[in-house]
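Participant: There's a structure below that I have some questions on.
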Amino acid sequence: MKKIEIEEAARVSAETAGGASIGRSDRRSFLARGAALTAGLVTTGASVATRAAEPSQALPVWSRTPGAPMRAYGTPSRFEEPVKRVLTPGYPKVSPGTGSSLTPLQALEGTITPSGLHFERHHNGVPEIDPAQHRLLIHGLVRRALSFSPQALARYPMTSRVAFVECAGNSARNTGPKPLQVTCGTIHGLVSCSEWTGVPLALLLDEAGIDPSAKWLLAEGADSAAMSRSVPLDKALDDAMIALYQNGERIRPEQGYPMRLLLPGWEGNMNVKWLQQLKLTAGPAHTKDETSKYSDLMPDGKSQQFTFVLGVKSTITRPSFGMTMEGAGLYEISGMAWSGSGRIARVEVSTDGGVSWKDARLQGPVLPKSVTRFRLPWDWNGAPALLQSRAIDDKGNVQPDRKTWTAQYSPAHRYHNNSIQTWRVQADGSISNVYI
Ligand SMILES: Nc1nc2c(c(=O)[nH]1)N[C@H]1C(S)=C(S)[C@@H](COP(=O)(O)O)O[C@H]1N2
Ligand SMILES: [Mo]
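By numbering that gives the first Met the number 0, the letter at position 150 of the sequence shown is numbered 149, and the numbering carries on one by one without gaps.
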């Protein structure tokens, strides 16, 4: 490489790598170019970089031969093949598509989930919908019923927003009698975050003309589960969207192609995929999907009718189970935080099981009802440690510890688990999931 190219490469790697990949970049240019970025890391005087050997004369094969041809649609490097969703089919014989698959959170960075790794939850598999035949019907308590083809919808003014989708059953795995020794994604991977683009629902409802007696709407999917949920009209008029695009391309079949209802910050189940009708009603319909599941069972044996807004939550994705610490020294604690109520205001990290806390750095932009990445440099002294993160949102909601969360419900309750989870780092570098 010419000198200028080397400098350019160093600049790019310093700016994009952050602290995490300090070992992969040239230390001198890293320090020179990225000092501001890594102030926290550098003050410790430690380095995780390998001392560079003299450049070898023998070029690797990829530097001596022409590269592969272009591809019409790209896929990740074959070296990243282990990074995939964890499939948990519920009834493999009757309906192999029913169940869920979890996002490998521990292998990902930043805030946006690649579309091919977005978690899935299907009540009767993924329908293959021909967009030319699909319609969205808006009817019920409206002045005039309307039907929209995907093509017609695409002519309306659109908007984009980043939003997470999280299943009410996310982290239910961590409510069992014993902590499971599985990856972060296997515990918490029923959450993903995308940029969604589509038509504000308020626009379509306005065109249909809302009858003053309408207070709710019933949203139904075109899958053979006919999944349906009742949504308060206020939410529909606030920030609900008929999403047509996910991360810039048409929404994936697994996420609701050709269209889904997006209710930012609200329980995943209500984000009805393969959306085919919205019926305006005076009250909630109490469909099978909102009465047989997703209700919070309280200590007195009574159930909450609905839990729409998802609680404030965070998880440390790195270091986490499945990784091994390579001796004492410098690490970055990195994770994700989100809240159904708004923006993340603060994330605190503890390395001593909640005795003391430090504010993590929130990586911008910090968007409402979306995933925020937090980071904290950690100089590990090699002694056992208990890693926790605690998120606080801009409405003052604080992520509860495990005991506080559990005490709110009946012992059998498993939904909406937003409690603090703990990774134990042992002196030998191994990491496990523990209950404290
Ligand atoms: N029509 C329909 N919509 C649906 C579902 C479904 O099975 N059918 N699953 C729901 C559930 S329980 C969740 S958590 C989210 C999952 O969205 P995703 O598969 O895009 O991650 O979609 C919801 N919308
Ligand atoms: Mo769900």
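For glycine and all other residues, C-beta sits at the position ideal for the given N, C-alpha and C.
Starting from the Cα of Lys436, find the closest Cα among Pro91, Pro376, Asp393 and Gln425 and give me that residue.
Facilitator: There is no way to answer for residue 436, as the model of the chain reaches only from 0 to 435.
Participant: Using a Cβ-Cβ cut-off of 6 Å (strictly less than) and excluding sequence neighbours within five positions of Ser366, which residues of its own chain qualify?
Facilitator: The sequence as given places Leu at residue 366; Ser does not occur at that position. If we look at Leu366 and ignore the five residues flanking it on each side, its Cβ neighbours are Val161.
Participant: Heavy atom of ligand 2 less than 8 Å from the Cβ of Leu366, yes or no?
Facilitator: no
Participant: What are the boundary residues of the alpha helix (DSSP H) that Leu152 is part of?
Facilitator: Pro149 to Leu152
Participant: Taking the alpha-carbon positions, what's the Gln150 to His138 distance?
Facilitator: Rounded to whole angstroms, the gap between the alpha carbons of Gln150 and His138 is 19 Å.
Participant: Is the segment 287–302 touching the segment 332–350 in the sense that three or more CB pairs, one from each, lie closer than 8 Å?
Facilitator: no
Participant: Keeping to the same chain, check which residues put their C-beta closer than 8 Å to that of Ser223; ignore five residues upstream and five downstream.
Facilitator: A distance below 8 Å between beta-carbons, with the five flanking residues on each side excluded, links Ser223 to the following residues of its chain, in chain order: Asn123, Gly124 and Pro126.
Participant: Pick helix, strand or coil for Lys214, following the three-state DSSP scheme.
Facilitator: coil
Participant: Between Val60, Ser100, Ala235 and Gly428, which lies nearest to Gly328 when the distance is taken from Cα to Cα?
Facilitator: Gly428
Participant: Please classify Ala242: does DSSP put it in a helix, a strand, or coil?
Facilitator: strand
Participant: Alpha carbon to alpha carbon, what distance is there between Gly326 and Ser94?
Facilitator: The alpha-carbon atoms of Ser94 and Gly326 are separated by roughly 46 Å.
Participant: Based on DSSP bridge pairs, tell me the residues matched to Lys357.
Facilitator: Val348
Participant: Does the beta-carbon of Arg70, which I'm using as the reference point, lie nearer than 8 Å to any heavy atom of ligand 2?
Facilitator: No; taking the cut-off as 8 Å, the Cβ of Arg70 has no heavy atom of ligand 2 nearer than that.
Participant: Judging by CA-CA distance, which residue of Pro318, Gly168, Val164 and Ala207 is the nearest neighbour of Gly255?
Facilitator: Val164
Participant: Using the Cα positions of Leu136 and Lys292, report the straight-line distance between them to the nearest angstrom.
Facilitator: 26 Å
Participant: Taking buried to mean at least 16 other C-beta atoms within 10 Å of its own C-beta, is Pro59 buried or exposed?
Facilitator: Per the 10 Å Cβ criterion, exposed.
Participant: Would you call the segment 233–248 in contact with the segment 92–110, where contact means no fewer than 3 C-beta pairs closer than 8 Å?
Facilitator: no
Participant: Given the structure, does Trp273 come close to ligand 1, in the sense that its CB is under 8 Å from one of the ligand's heavy atoms?
Facilitator: yes
Participant: Mind checking whether Ser193 and Thr64 have CB atoms under 9 Å apart?
Facilitator: no
Participant: At which residues does the beta strand (DSSP E) containing His121 begin and terminate?
Facilitator: Glu119 to His121
Participant: Applying the 10 Å Cβ sphere with the 16-neighbour rule, what's the burial state of Gly282?
Facilitator: By the neighbour-count criterion, in which 16 or more other beta carbons inside 10 Å mark a residue as buried, Gly282 falls on the exposed side.
Participant: Give me the pocket residues for ligand 2, defined as CB within less than 5 Å of any heavy atom, sorted by chain position.
Facilitator: Counting every residue whose Cβ lies closer than 5 Å to a heavy atom of ligand 2, we get Arg120, Cys166, Gly267 and Asn268.
Participant: Quick check: what's the CA-CA separation for Gln105 versus Thr182?
Facilitator: 7 Å
Participant: How about Asn270: is its Cβ closer than 8 Å to a heavy atom in ligand 1?
Facilitator: yes
Participant: With contact counted as at least three CB pairs below 8 Å, one residue from each stretch, are the segment 166–176 and the segment 64–77 in contact?
Facilitator: no
Participant: Just to confirm, is the Cβ distance from Ala359 to Val346 under 9 Å?
Facilitator: yes
Participant: Is any non-hydrogen atom of ligand 1 found closer than 8 Å to the C-beta of His415, if you look at the structure I gave you?
Facilitator: no
Participant: Tell me the rounded alpha-carbon separation between Ala201 and Ile435.
Facilitator: Ile435 has its alpha-carbon roughly 45 Å from the corresponding atom of Ala201.
Participant: Check whether the Cβ of Phe436 sits closer than 8 Å to any heavy atom of ligand 1, and report yes or no.
Facilitator: Examination of residue 436 is not possible in this model, given that the chain is present from 0 through 435 alone.
Participant: Tell me the rounded alpha-carbon separation between Ala34 and Ile430.
Facilitator: Summary for Ala34: the model assigns pLDDT 40, below 50, so the residue's position carries little reliability; its value from the coordinates is reported in the next sentence. Rounded to the nearest angstrom, the two C-alpha atoms are 30 Å apart.
Participant: Per DSSP, what kind of secondary structure is Thr421 in: helix, strand or coil?
Facilitator: strand
Participant: So, are the CB atoms of Val190 and Met226 less than 9 Å apart?
Facilitator: no
Participant: Does the beta-carbon of Glu331, which I'm using as the reference point, lie nearer than 8 Å to any heavy atom of ligand 1?
Facilitator: no
Participant: Tell me which same chain residues have a C-beta within less than 8 Å of the C-beta of Asn432, skipping the five on either side of it?
Facilitator: Asn173, Pro178, Leu179, Gln180, Val181, Ile186, Phe320, Gln420, Thr421, Trp422 and Arg423
Participant: Might you give, ordered along the chain, the residues of its own chain that have their beta carbon closer than 6 Å to the beta carbon of Ala284, omitting 5 neighbours on each side?
Facilitator: Taken in chain order, the residues that qualify are Leu217 and Ser229.
Participant: Quick one: grab the DSSP three-state call for Pro126.
Facilitator: coil
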